[in-house]
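Under numbering that gives the first Met the number 0, think of the first position of the sequence shown as 0, with each following residue one higher.
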Amino acid sequence: MPLRLRARTATSAWRRLHSTQSRTFLPIAEHADSKAQSFDPLRPAIFRNRFGDIPAISKWFTPHSSESGFHELNASYLEPYGSTLVPLELTRLHTTAREDARISSFERLQTPLSLLISHITSSYDPSTRLYLAQCPLEDLPAELQKDLPMPDLVSQIGKGDVYGSSLWMGKPPTMTPLHRDPNPNLFVQLAGKKIVRMMKSNAGRDLYMRVRAGSGHANMRGEEMMVGDENARLETAVWGKEGRAEGIQGWEAELQSGDGLYVPLGWWHSVRGVGSGVNGSVNWWFR
Numbered sequence: 000m001p002l003r004l005r006a007r008t009a010t011s012a013w014r015r016l017h018s019t020q021s022r023t024f025l026p027i028a029e030h031a032d033s034k035a036q037s038f039d040p041l042r043p044a045i046f047r048n049r050f051g052d053i054p055a056i057s058k059w060f061t062p063h064s065s066e067s068g069f070h071e072l073n074a075s076y077l078e079p080y081g082s083t084l085v086p087l088e089l090t091r092l093h094t095t096a097r098e099d100a101r102i103s104s105f106e107r108l109q110t111p112l113s114l115l116i117s118h119i120t121s122s123y124d125p126s127t128r129l130y131l132a133q134c135p136l137e138d139l140p141a142e143l144q145k146d147l148p149m150p151d152l153v154s155q156i157g158k159g160d161v162y163g164s165s166l167w168m169g170k171p172p173t174m175t176p177l178h179r180d181p182n183p184n185l186f187v188q189l190a191g192k193k194i195v196r197m198m199k200s201n202a203g204r205d206l207y208m209r210v211r212a213g214s215g216h217a218n219m220r221g222e223e224m225m226v227g228d229e230n231a232r233l234e235t236a237v238w239g240k241e242g243r244a245e246g247i248q249g250w251e252a253e254l255q256s257g258d259g260l261y262v263p264l265g266w267w268h269s270v271r272g273v274g275s276g277v278n279g280s281v282n283w284w285f286r
């Protein structure tokens with residue numbers, strides 16, 4: 000069957016963007032079918048519960064013992080691959096005399112996967128965050144790559160030219176600042192919950208340029224985007240003090256295990272991992 004946009008959801012969501020001023024981020028429309036014959040590559044779309052059969056979901060994670068909808072790491076499955084070197088981001092948070100003021104240090108490391116496994120399964124330490132970010136799937140052992148097969152949908156909505164893929168995993172909260180990718184992207188949530196806020200090209204660029212402090216590139220996970228004044232301004236601009244940004248119009252997606260999100264070319268987006276347990280995602284960039 001051709002992939003068809005649910006007419007009521009799509010029409011109402013896009014109409015509310017222009018008619019509702021009190022709500023800043025509107026829900027992204029969902030696609031109900033599995034083919035891409037009528038797919039609109041210029042608009043974001045959620046594919047709800049479409050990817051629950053990805054083997055990594057059932058092999059790498061188990062349902063959270065006390066919180067529905069969240070997951071725990073199946074450490075015994077991943078531990079045999081613990082010597083694999085992976086890119087980790089280490090963020091340290093130091094609370095100052097003012098409780099609301101924090102000084103962050105940020106660094107990137109190439110370390111064994113076992114370090115991340117230990118961090119995720121250990122007691123929560125709010126002063127230290129360790130996140131596997133943008134790890135190319137081809138750098139994983141062959142057995143783990145088999146657990147993350149590229150969905151057929153990537154070829155259906157693109158031309159089959161996949162130029163990159165990444166794994167993301169850590170203990171929430173996790174954060175990816177406002178940025179844009181050079182090509183379209185299919186983002187799939189494996190475990191836990193993530194919230195994605197998105198803006199069209201011009202709106203996102205205008206916002207980014209207004210709050211930008213350094214000279215980093217907006218399509219890179221640069222250090223200037225992760226800590227310091229620029230990071231704080233971007234987070235406040237997109238998420239606000241209570242998770243609400245004033246004066247911005249855009250779209251929001253809440254993704255749970257098995258859900259996918261199509262990010263169109265040029266759309267700006269910021270991502271937050273929330274909740275308990277472990278958070279895991281995978282994505283494919285394509286042309």
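Yeah, the Cβ is synthetic: ideal placement off N, Cα and C, and Gly gets one too.
- Around Tyr80, the same chain offers Leu112, Pro140 and Leu143 as residues with beta carbons nearer than 7 Å, after the five sequence neighbours per side are excluded.
- DSSP, read as helix, strand or coil, puts Leu264 in coil.
- Excluding the 5 residues flanking it on each side, Gly239 has no same chain C-beta neighbour closer than 6 Å.
- DSSP places Pro176 inside the beta strand (DSSP E), whose first and last residues are Thr173 to Arg179.
- Arg196 sits buried, since 16 or more C-beta atoms from the chains shown fall within 10 Å of its C-beta.
- In the same chain as Ala190, and ignoring 5 residues on each side of it, the C-beta atoms closer than 6 Å to its own belong to Phe60, His70, Ser256, Val277 and Gly279, in chain order.
- In this structure, the beta-carbon distance from Pro181 to Ser269 does not fall below 7 Å.
- Distance from the CA of Lys170 to the CA of Ser200, rounded to the nearest whole angstrom, comes to 30 Å.
- In the structure shown, the three-state DSSP call for Met149 is coil.
- Bounds of any beta strand (DSSP E) do not take in Ala55; it lies within the alpha helix (DSSP H) bounded by Pro54 to Trp59.
- In the three-state scheme derived from DSSP, where H, G and I count as helix and E and B as strand, His93 is classed as strand.
- Per DSSP, Ile194 lies in no alpha helix (DSSP H); the unbroken beta strand (DSSP E) holding it starts and ends at Lys192 to Met198.
- Counting other Cβ atoms within 10 Å of its Cβ, Pro43 reaches 16 or more and is therefore classed as buried.
- If you check the CB distance, Gly274 and Lys192 come in under 7 Å.
- Considering only Asn73, Asp258, Phe105 and Leu233, the residue with the shortest C-alpha distance to Leu152 is Asp258.
- By the neighbour-count criterion, in which 16 or more other beta carbons inside 10 Å mark a residue as buried, Ser67 falls on the exposed side.
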